[in-house]
Amino acid sequence: MKAGPARTTVGRTVADLTMEAAVRDAFLAEARVLRLATVDADGWPVVVPLWFVRDPDPRGALWVWNLNRARRTGRLEAGGRCGVTVDAGDAYHELHGLSARATPTRDTDDDVPLAVRRAYAAKYFGSDEPLPAADHHTWFALALSAERSWD
199 MKAGPARTTV GRTVADLTME AAVRDAFLAE ARVLRLATVD ADGWPVVVPL WFVRDPDPRG
259 ALWVWNLNRA RRTGRLEAGG RCGVTVDAGD AYHELHGLSA RATPTRDTDD DVPLAVRRAY
319 AAKYFGSDEP LPAADHHTWF ALALSAERSW D
């Protein structure tokens, strides 16, 4: 991964660790787990790992296929905001990722772009066929803002 250009702060030069757009897109296409943060009824943060796909649809850069019965489903619908982190690396010098605020939009199976359903099926199930509709899952498009990446 390649970081951005160096910047100067208080008399010293430091590397800008922000991922370049092409690097960010490739990273999100390859990464397999997104950590989604919501807030429960008592005000506590709840973070869960989810599978996701990246798609530049206007409704959201990232899409998750979420269990209907999961408590986060109601929180995503009611709160209108959440946080996401996608990261990778084991040793300190390998760490890279992206964190952002996200605004979720629930979509019916019929409204989810075919490209999203195909990408999800290929990424997680090795299938060339689009992911079929399922009564027990719901799609959420996550529109990202206040992104921060590091490489």
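In the working numbering, the protein residues as written are 199 to 349.
Backbone N, C-alpha and C define an ideal beta-carbon position, used for all residues, glycine too.
- Per the contact definition of three or more C-beta pairs closer than 8 Å, is the stretch 287-303 in contact with the stretch 328-335? no
- For the putative contact between alanine 235 and valine 251, defined by C-beta atoms under 8 Å, what is the C-beta separation to the nearest angstrom? Taking the sequence shown and counting its residues from 1, the one referred to as residue 235 is at position 37. Taking the sequence shown and counting its residues from 1, the one referred to as residue 251 is at position 53. The Cβ separation is near 19 Å, so there is no contact.
- Task: Could you name the residues of the same chain whose beta carbon sits closer than 6 Å to that of asparagine 266, not counting the 5 residues immediately before and after it, in chain order?
- Result: Residue 266 sits at position 68 when you count from the first residue of the sequence shown. Once the five neighbours on either side are set aside, the close Cβ partners of asparagine 266 are His334 and Thr336.
- Taking Cβ to Cβ, would you say serine 325 is nearer than 8 Å to methionine 217? The residue given as residue 325 occupies position 127 in the sequence shown. The residue given as residue 217 occupies position 19 in the sequence shown. Not closer than 8 Å, so no.
- Query: Per DSSP, what kind of secondary structure is histidine 294 in: helix, strand or coil?
  - Reply: Locating residue 294 in the sequence shown gives position 96, where the first residue counts as 1. Histidine 294: strand per DSSP, three-state reduction.
- Task: Assign proline 302 to buried or exposed, taking buried as 16 or more other Cβ atoms, counted over all protein chains shown, within 10 Å of its Cβ.
- Result: For the purposes of this step, residue 302 is identified with residue 104 of the sequence shown, where counting begins at 1. Counting Cβ neighbours within 10 Å, proline 302 comes out buried, since at least 16 surround it.
- Query: Excluding the five sequence neighbours on either side, which residues of its own chain have a C-beta within less than 7 Å of the C-beta of glutamate 345, listed in chain order?
  - Reply: The count along the sequence shown starts at 1 and reaches residue 345 at position 147. Same-chain partners within the cutoff: Leu296 and Ala298.
- Backbone secondary structure at arginine 270 - three-state DSSP: On the sequence shown, position 72 is the one that residue 270 refers to. Helix, per DSSP.
- Query: Apart from the five residues just before and just after arginine 233, which ones in its own chain have a Cβ nearer than 6 Å to its Cβ?
  - Reply: If you number the sequence shown from 1, residue 233 lands on position 35. Only Val245, Pro247 and Thr283 meet the Cβ criterion.
- Message: Less than 7 Å between C-beta atoms, sequence neighbours within five positions excluded: which residues of the same chain meet that for alanine 313?
- Response: By 1-based counting over the sequence shown, the position of residue 313 is 115. Asp253, listed in sequence order.
- Task: May I ask which residues mark the beginning and end of the beta strand (DSSP E) holding valine 244?
- Result: To locate residue 244, count along the sequence shown from 1; it is residue 46. Where valine 244 is concerned, the enclosing beta strand (DSSP E) stretches over 243-248.
- Message: Whole angstroms are fine: how far does the CA of glutamate 228 sit from the CA of tryptophan 249?
- Response: Against the sequence shown, residue 249 aligns to sequence position 51. Against the sequence shown, residue 228 aligns to sequence position 30. Between tryptophan 249 and glutamate 228, the C-alpha separation is close to 11 Å.
- Query: To which residues does DSSP link alanine 339 through a beta bridge?
  - Reply: To locate residue 339, count along the sequence shown from 1; it is residue 141. Bridge partners of alanine 339: Trp261 and Thr303.
- Message: Pop quiz: alanine 259 and alanine 341 are said to be a contact at Cβ under 8 Å. What is the actual Cβ separation, rounded to whole angstroms?
- Response: Numbered from its first residue, the sequence shown carries residue 259 at position 61. Numbered from its first residue, the sequence shown carries residue 341 at position 143. Right, the Cβ-Cβ distance comes to about 7 Å (below 8 Å), so this counts as a contact.
- Could you give the C-beta distance for arginine 270 and asparagine 264, rounded to a whole number, given that I count them as a contact under 8 Å? Numbered from its first residue, the sequence shown carries residue 270 at position 72. Numbered from its first residue, the sequence shown carries residue 264 at position 66. 7 Å between Cβ atoms; contact.
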